[in-house]
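As you go down the protein sequences, you meet chains A and B in turn.
Quick note on numbering: the first sequence equals residues 575 to 1034 in the numbering used here.
Quick note on numbering: the second sequence equals residues 575 to 1034 in the numbering used here.
Glycine is no exception: its CB is placed at the ideal position from the N, C-alpha and C atoms.
Since this is a predicted model, take the numbers as computed values, not measurements.
Structure first, then comments.
Protein chains: 2
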Amino acid sequence: MSHLQALNTYFAEHREQHLNELNEFLRIPSISSLSEHKEDMQVAANWLAEALKKLNIENVTVDQTAGHPVVYGDWLHAEGKPTVLFYGHYDVQPVDPLELWDSEPFAPEIRDNKLYARGSSDDKGQVFMHLKTIEALFATEGTLPVNVKFIIEGEEEIGSPNLPAYVEENKEKLAADLILISDTGLYAPGKPAVCYGLRGLTGVQIDVRGAKGDLHSGLYGGGVQNAIHALADILASFRDEHGTIQVEGFYDKVLPLSEEEREAYRALNFDEEALKEEVGVKELFGEAGYSYLEQTWARPTLEINGVFGGFSGEGIKTVLPAEAGAKITCRLVPNQDPEEIISLLRAHIEKHKPQGVEIKISEFDKGAPFITPFDHPVIQAAGRSYERVYEVPTAYTRGGGSIPIVAAFDEILGLPVVLMGFGLSSENFHAPNEHFHLENFDKGLRVLGDYLHEVAGLKL
Amino acid sequence: MSHLQALNTYFAEHREQHLNELNEFLRIPSISSLSEHKEDMQVAANWLAEALKKLNIENVTVDQTAGHPVVYGDWLHAEGKPTVLFYGHYDVQPVDPLELWDSEPFAPEIRDNKLYARGSSDDKGQVFMHLKTIEALFATEGTLPVNVKFIIEGEEEIGSPNLPAYVEENKEKLAADLILISDTGLYAPGKPAVCYGLRGLTGVQIDVRGAKGDLHSGLYGGGVQNAIHALADILASFRDEHGTIQVEGFYDKVLPLSEEEREAYRALNFDEEALKEEVGVKELFGEAGYSYLEQTWARPTLEINGVFGGFSGEGIKTVLPAEAGAKITCRLVPNQDPEEIISLLRAHIEKHKPQGVEIKISEFDKGAPFITPFDHPVIQAAGRSYERVYEVPTAYTRGGGSIPIVAAFDEILGLPVVLMGFGLSSENFHAPNEHFHLENFDKGLRVLGDYLHEVAGLKL
C-alpha cells in the first residue's frame, strides 16, 4: 500500500473524530482585534499547544509577545532530511453583522458538506489540517518523512504587529528548508493552485497647496494656480494612455516573466468575459503587452486610491481651491524595492511639480514583494502532490495582493515559501457565513501528507 | 457758478438732512433671503416709492412679482436728450453672526466719517445717492439735463430670480440709452473706477464610472481602469503647463484686448507683490503673454472647483475606485457664448475619454459675459466725471466675477451698461460691520450730478 493509500484510509476512518476536534477549536472565539477576547486568544493558543503535544511534537511552547501568544513546536528526528516550517494563525476576524449569519459563528454546523463557522477556512481549519497530517503520518508510518517546526500566531488578522520581531529573535530556532502556509485558496472549485509569488505594497499621500485659503474664482481665477489643476497634472503624469507607468526607473528592477510562467498562465484559459461581467465594465484596461493575469500577478501598479479638494457638495461653488490631495499606492513585484520606489516617486513628483504650488509627500507603510521561483523544486513538488489527489493539472499562480508576513519570513529567514491553500474565494472569509468545503478538507489532508514525502525526496 | 459748484454747495448744505433720510432707509431690515422679513421688503419698496414721488419722479409704481416688489418711476421731460435708466437694489444680506457687529446692523451709526449699517454700501447707500442726485439737480437747476427712469429691485442678494422676466415684460417701458448702476467699488481709496466689463460663467460636472463598485487594488489592480486615473487624465488635458486652455475652439470668439485697454491696465501699476502676499503664494500663475489684470479681467478661465473619488480618510485604503467626479467652471469673456462653450467642453471630454470608463456630464447654470466697449462715449464720459471730482486719473476696469443681472439687462434691453460704484472692497458688504466711507458718498453725489450733464452732451 502506498503512503497515499494508507493516508486515505486513515483519514476516512477518523473523519468524524477529526471534525469533532476541529469544532472544539472553532468554538473558541479567538477574535484578535477585540480586547474582550484577549482571554480567548490564550485559550486557543493553549488548545493548539495541547494538540501539538498529543502528536508527539516536542519543545511545545506558548510564547508571550507584546500582543497575543505565538505557539511553537518541533520534531527533528528525520536525520538528513529537509525541515518544513509550518506557519498558520489561530486568530479570526470579527463576526459583525451577526444577524446576517444563518448559524452562530462559533457554533460550527455542517450543511451540504460545508462546515460553517468563523475561522473554518481562514485559517483554523487549514492549521488543523497541518496537525492532522502529522497525526496521520505518525499513525500510518510510525515516523515523519521530514523534520517539522510549527509557528502559529494569533495576530494575522490585525497585521501581525509582533511576529517579525519574534521571528527575528528566534531566527536560529526557526531555521528550516521551506515554509509551508495554507492560508490561500484553490484557483477554482476542483482546480488546485500553488501560489509562488505575491505583490508588495508602498505608497504616498500627495498634498498640494496653492494660496493660503480658497479664493473667489471670479476675482482671482486665471491669475493664481489652482491646487486641483496642479494635482491633476501630477496624477496624469504617472501613466500614459495605455496604462504604462511613466515614473523613471519604475520598471528597472522588475523580474521579467519567464516563458514557462507565461505558458502556465495561458494554460489557465482565464475567462475575461466573466471578469468583465463580475466587475461591471465593458472593457478591461491594463499595461499593453500583458494578459490580465500577467497584469495583476506579475506587473507592478500605480493606483490612485483617493482624491480630494475643493467643493464636492451638490451644485456649484465657484471656488479656486487652495488645497488638494491624493493617495497613491503601488503594488510591487519582485525584485522592486519599496524604499527605492518611494524615492523614484518623489523624484517624479518633484520633476512634474507645476508652478505656483507647494507639495508635501507623506509615506505609507511598505511591504516587499515575494517570490519563490516558479521552477524551484519545492514549488514544482507541491504541484505534483496536488495533481496526485485532485487529478487535474495544478494552477501555478501569483497573488495580486500582499501578505505582509510572507515577505517578512522571506526577508528574515531567507527561505522559499510555499503557499498551498485549500480555501475557495466564495467561502466568505472576513464576512458572515464563513464556511469551508469539506471536500477540500478531505483532499487537502492527503495532499499535505503526500507533499511531505515529496519534500523528503528533494535535495534542498 | 458752474453746475458742479452749485451741486457742491447744495450737497454741503443738505448733508445732515440727507444722512438722516438715508438712516431712515437703512433702518428697514430688508433681508430678501429670510421669509420673516417679507413685510419689511414691502416697507422698503414703499419708502423708495414715496421718496421718488417727492423728487417729482412720475409714474411711480411698486410692482409685485412672484417674489419681492420692483419699484419703478420716470421723468421724461428733457426733450431730445438721452434717457438714463438707474438700476439698484433695496434688499440686503443677512446679518449673522450678530455678535461680531460693533453696532446694531439696522441702527446706523457714524464713526470716523464712516456710516455703519447693513446696506450702507451694498446697495441702499448708493441707490439713495441716485435719488439725491436728482433732488439736487432739480433744486439747483429747476430741471434735469436728461430723461431718467428708475428700476430698483428687492432680490439682488438672492440672484434676481424674478427680474429678467420683469424686464422682458416691461421692455418698452424700460427703453433707454444707457443703464447706470452704482453697486461696484472704487479701484482703491481715492482712485475711482469705471467698470466696463464682467466675465460670464458656465460649467459642468464630470462623473466618471469604471467598475460597478470599488475593487481590491491587489486583486484587480493593473487590469481594470481606475476612475480617478481616468478623471485625472481628462482634467490634465484641459490646460497646458503654462495655463493655456487646450479645449479646441475655446478662445475662438474671445474679443482681443485693444492696445488702449492694455495701456489703461498698465497705467494702474498693479502691485503683484502685494497680491502674492495677500493670497499667500510664492509665484503667480496664469496664461502666458498676459498680465495678472488681463488674465483675471479679460481672459477666460477653466477652473476645477472640486474633485472627489475613492478614499479620503486618514491613512491608507488600497481601493481601486469605481467612481470619481469633478466640478468645472469657466469664467467667460466677451464674446464667448456659454452654450457654445459647453458644447466645446463636451466634445473635448469625449475626445479625451480614457478607455474602460463611462462618463456623465451635467451642466450648471450659465451667465453671459458683458462688455460696454472701452471707447464707448458713456464709458469715457463717466471717467471724465470721476476725474473732475476725485482729481486723479480714473481707472478703467473690468470685473473678473459675474453680476448676472447686468448680462440680463445687456441681453434683453441691448443697452450700454455703466458701472459707476462708490464702495470700497474693505467695506464688509456681506459681512459684519458693513460700512460706507462718507467721503465717497459726498464725492459720488457730485460725480453722478456731473455725469448726467456729461450724458446730456452725448449723441447716443
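Legend entry - Straight-line Cα distance separating V991 of chain A from K940 of chain A: In the first sequence, counting from the first residue as 1, residue 940 of chain A sits at position 366. In the first sequence, counting from the first residue as 1, residue 991 of chain A sits at position 417. For K940 of chain A and V991 of chain A, the distance between alpha carbons rounds to 20 angstroms.
Legend entry - Own chain residues within Cβ distance below 6 angstroms of S936 of chain A, not counting five before or after: For the purposes of this step, residue 936 of chain A is taken as residue 362 along the first sequence, with counting starting at 1. Hits under 6 angstroms: Q779.
Inset, instruction - Any chance you could list the beta strand (DSSP E) runs of at least 3 consecutive residues sitting entirely within the region 575-637 of chain A, in chain order? - result: At a cut-off of 3 residues, the continuous stretches assigned as beta strand (DSSP E) that sit fully inside the region 575-637 of chain A are 632-637.
Legend entry - Inter-residue Cα distance where the pair is E835 of chain B and I819 of chain B: Position 261 of the second sequence, counting from 1, holds the residue named residue 835 of chain B. Position 245 of the second sequence, counting from 1, holds the residue named residue 819 of chain B. Straight-line Cα distance between these residues: approximately 23 angstroms.
Legend entry - Local Cβ density within 10 Å of E653 of chain A, reported as buried at 16 or more and exposed below that: The residue you call residue 653 of chain A lines up with position 79 of the first sequence. Its Cβ having fewer than 16 others within 10 Å, E653 of chain A is exposed.
Legend entry - Under the three-state DSSP convention, the category G779 of chain A falls into: Residue numbering aside, residue 779 of chain A sits at position 205 when the first sequence is read from its first letter. Note on residue identity: the sequence assigns Gln, not Gly, to residue 779 of chain A. In the structure shown, Q779 of chain A sits in a strand (DSSP, three-state: E or B).
Inset, instruction - Mind listing the chain A neighbours of E857 of chain B? Cutoff is C-beta to C-beta under 7 angstroms, in chain order. - result: Sequence index remark: in the second sequence, residue 857 of chain B carries index 283 (1-based). From the beta-carbon of E857 of chain B, the residues of chain A found nearer than 7 angstroms are Q929, G930.
Legend entry - Own chain partners of N736 of chain A with C-beta closer than 7 angstroms, once the 5 adjacent residues on each side are dropped: Start at 1 with the first residue of the first sequence, and residue 736 of chain A comes out as number 162. Setting aside the 5 residues that flank it on each side, N736 of chain A is surrounded in the same chain by T639, A640, G641, E729, each with a C-beta closer than 7 angstroms to its C-beta; the list follows chain order.
Inset, instruction - Can you give me, in chain order, the residues of the region 797-812 of chain A that have a beta carbon less than 7 angstroms from any beta carbon in chain B? - result: Within the region 797-812 of chain A, those residues whose Cβ lies closer than 7 angstroms to any Cβ of chain B are, in chain order, G797, V798, Q799, N800, I802, H803, A806, D807, L809, A810.
Legend entry - chain A contact residues for F938 of chain B, given Cβ-Cβ distances below 8 angstroms: By 1-based counting over the second sequence, the position of residue 938 of chain B is 364. By Cβ distance, chain A contributes G889, I890.
Inset, instruction - Under 8 angstroms Cβ to Cβ from E985 of chain B, same chain only, skipping five residues before and after it: list those, please. - result: To locate residue 985 of chain B, count along the second sequence from 1; it is residue 411. Same-chain partners within the cutoff: A942.
Inset, instruction - Could you check the C-alpha separation between I732 of chain B and P668 of chain B for me, to the nearest Å? - result: Here residue 732 of chain B refers to the residue found at position 158 of the second sequence. Here residue 668 of chain B refers to the residue found at position 94 of the second sequence. Straight-line Cα distance between these residues: approximately 11 angstroms.
Inset, instruction - Could you check if L672 of chain A is buried or exposed, using at least 16 other CB atoms within 10 Å of its CB as the buried criterion? - result: Within the first sequence, residue 672 of chain A is the residue found at index 98, counting from 1. So L672 of chain A counts as exposed.
Legend entry - At least three beta-carbon pairs within less than 8 angstroms, the region 750-768 of chain A to the region 904-923 of chain A: With the rule of 3 Cβ pairs closer than 8 angstroms, the region 750-768 of chain A does not count as touching the region 904-923 of chain A.
Inset, instruction - Evaluate Q910 of chain A with the Cβ neighbour count: other Cβ atoms within 10 Å of its Cβ, from every protein chain shown; 16 or more gives buried, anything less gives exposed. - result: Your numbering for residue 910 of chain A matches position 336 in the first sequence. Classification of Q910 of chain A: buried, given that the 10 Å Cβ count is 16 or more.
Inset, instruction - Spell out whether any CB of chain A is found under 8 angstroms from the CB atom of A982 of chain B. - result: Looking up residue 982 of chain B in the second sequence gives position 408. So, not an interface residue.
Legend entry - S734 of chain B versus V853 of chain A - alpha carbon distance: For this step, residue 734 of chain B is matched to residue 160 along the second sequence. For this step, residue 853 of chain A is matched to residue 279 along the first sequence. Taking the straight line from one Cα to the other gives about 47 angstroms.
Inset, instruction - Give a yes or no on whether the C-beta atoms belonging to G883 of chain B and A898 of chain B are separated by under 8 angstroms. - result: Taking the second sequence and counting its residues from 1, the one referred to as residue 883 of chain B is at position 309. Taking the second sequence and counting its residues from 1, the one referred to as residue 898 of chain B is at position 324. Taking 8 angstroms as the cut-off, the beta carbon of G883 of chain B is found closer than this to the beta carbon of A898 of chain B.
Inset, instruction - Output the distance between the C-alpha atoms of F938 of chain B and K901 of chain B, rounded to the nearest integer angstrom. - result: The sequence position of residue 938 of chain B within the second sequence is 364, counting from 1. The sequence position of residue 901 of chain B within the second sequence is 327, counting from 1. Rounded to whole angstroms, F938 of chain B to K901 of chain B spans 9 angstroms at the Cα level.
Legend entry - CA nearest to the CA of H1027 of chain A, picked from A:W675, A:Q616, A:E715, A:H611: Counting from one through the first sequence, the residue named residue 1027 of chain A turns up at place 453. That would be A:E715, whose Cα lies nearest to the Cα of H1027 of chain A.
Inset, instruction - Tell me, to the nearest whole angstrom, how far the beta carbon of V720 of chain B is from that of P656 of chain B; I am working on the premise that it is less than 8 angstroms. - result: Taking the second sequence and counting its residues from 1, the one referred to as residue 720 of chain B is at position 146. Taking the second sequence and counting its residues from 1, the one referred to as residue 656 of chain B is at position 82. Yes, V720 of chain B and P656 of chain B are in contact; Cβ-Cβ is about 5 angstroms, under 8 angstroms.
Inset, instruction - Tell me whether G699 of chain A sits in a helix, a strand or coil according to DSSP, three-state version. - result: Counting from 1 along the first sequence, the entry for residue 699 of chain A is found at position 125. Here G699 of chain A sits in helix by DSSP.
Legend entry - Chain-order list of residues whose beta-carbon lies under 8 angstroms from that of K856 of chain B (same chain, five-residue window excluded): The residue labelled residue 856 of chain B in the question sits at position 282 within the second sequence. If we look at K856 of chain B and ignore the five residues flanking it on each side, its Cβ neighbours are K850.
Legend entry - Which listed residue (B:I605, B:G784, B:V828, B:N582) has its alpha carbon closest to that of P908 of chain B: Counting from 1 along the second sequence, the entry for residue 908 of chain B is found at position 334. When each option's Cα is compared against that of P908 of chain B, the closest is B:V828.
Legend entry - Nearest candidate by alpha-carbon position, reference P603 of chain A, set A:F944, A:E678, A:F948, A:K786: The sequence position of residue 603 of chain A within the first sequence is 29, counting from 1. Of the candidates A:F944, A:E678, A:F948, A:K786, the one whose C-alpha sits nearest the C-alpha of P603 of chain A is A:E678.
Legend entry - Residue-chain proximity (S870 of chain A, chain B), Cβ-Cβ < 8 angstroms: For the purposes of this step, residue 870 of chain A is identified with residue 296 of the first sequence, where counting begins at 1. One point to set straight first is that residue 870 of chain A is Thr, not Ser, in the sequence displayed. Chain B, which has a Cβ nearer than 8 angstroms to the Cβ of T870 of chain A, makes this yes.
Legend entry - Minimum Cβ-Cβ distance from F885 of chain A to chain B less than 8 angstroms: Counting from one through the first sequence, the residue named residue 885 of chain A turns up at place 311. Closer than 8 angstroms: yes.
Legend entry - Buried or exposed (CB count within 10 angstroms, at least 16 for buried), V966 of chain A: The residue you call residue 966 of chain A lines up with position 392 of the first sequence. V966 of chain A comes out exposed.
Legend entry - Beta-carbon gap between I878 of chain A and A896 of chain B smaller than 8 angstroms: Position 304 of the first sequence, counted from the first residue, corresponds to residue 878 of chain A. Position 322 of the second sequence, counted from the first residue, corresponds to residue 896 of chain B. For I878 of chain A and A896 of chain B, no; Cβs fall outside 8 angstroms.
Legend entry - Span separating the alpha-carbon of V980 of chain B from that of N633 of chain B: Working through the second sequence from its first residue, we reach residue 980 of chain B at position 406. Working through the second sequence from its first residue, we reach residue 633 of chain B at position 59. Cα to Cα, V980 of chain B sits roughly 24 angstroms from N633 of chain B.
Legend entry - Burial state of P682 of chain A (16 or more Cβ within 10 Å): Taking the first residue of the first sequence as 1, we reach residue 682 of chain A at position 108. Counting Cβ neighbours within 10 Å, P682 of chain A comes out buried, since at least 16 surround it.
Inset, instruction - Compute the Euclidean distance between the alpha carbons of P978 of chain B and G774 of chain B, then round it to the nearest angstrom. - result: Locating residue 978 of chain B in the second sequence gives position 404, where the first residue counts as 1. Locating residue 774 of chain B in the second sequence gives position 200, where the first residue counts as 1. Cα to Cα, P978 of chain B sits roughly 8 angstroms from G774 of chain B.
Inset, instruction - Pull up the distance between the alpha-carbon of K612 of chain B and that of P643 of chain B, whole angstroms please. - result: Here residue 612 of chain B refers to the residue found at position 38 of the second sequence. Here residue 643 of chain B refers to the residue found at position 69 of the second sequence. Going by C-alpha positions, K612 of chain B is about 10 angstroms away from P643 of chain B.
Legend entry - S976 of chain A classed as buried or exposed, judged by whether at least 16 other C-beta atoms fall within 10 angstroms: Position 402 of the first sequence holds residue 976 of chain A. S976 of chain A should be labelled buried.
Inset, instruction - Run down chain A in chain order and give the residues with a C-beta less than 9 angstroms from the C-beta of E709 of chain B. - result: Along the second sequence, read from residue 1 onward, the residue named residue 709 of chain B stands at position 135. Ordered by position in chain A, no residue passes the 9 angstroms Cβ test against E709 of chain B, which lies about 35 angstroms from the chain.
Inset, instruction - Could you tell me which chain A residues have their CB closer than 8 angstroms to the CB of G1018 of chain B, listed as they occur along the chain? - result: Numbered from its first residue, the second sequence carries residue 1018 of chain B at position 444. Correct list: empty, because the minimum Cβ distance to chain A is about 23 angstroms.
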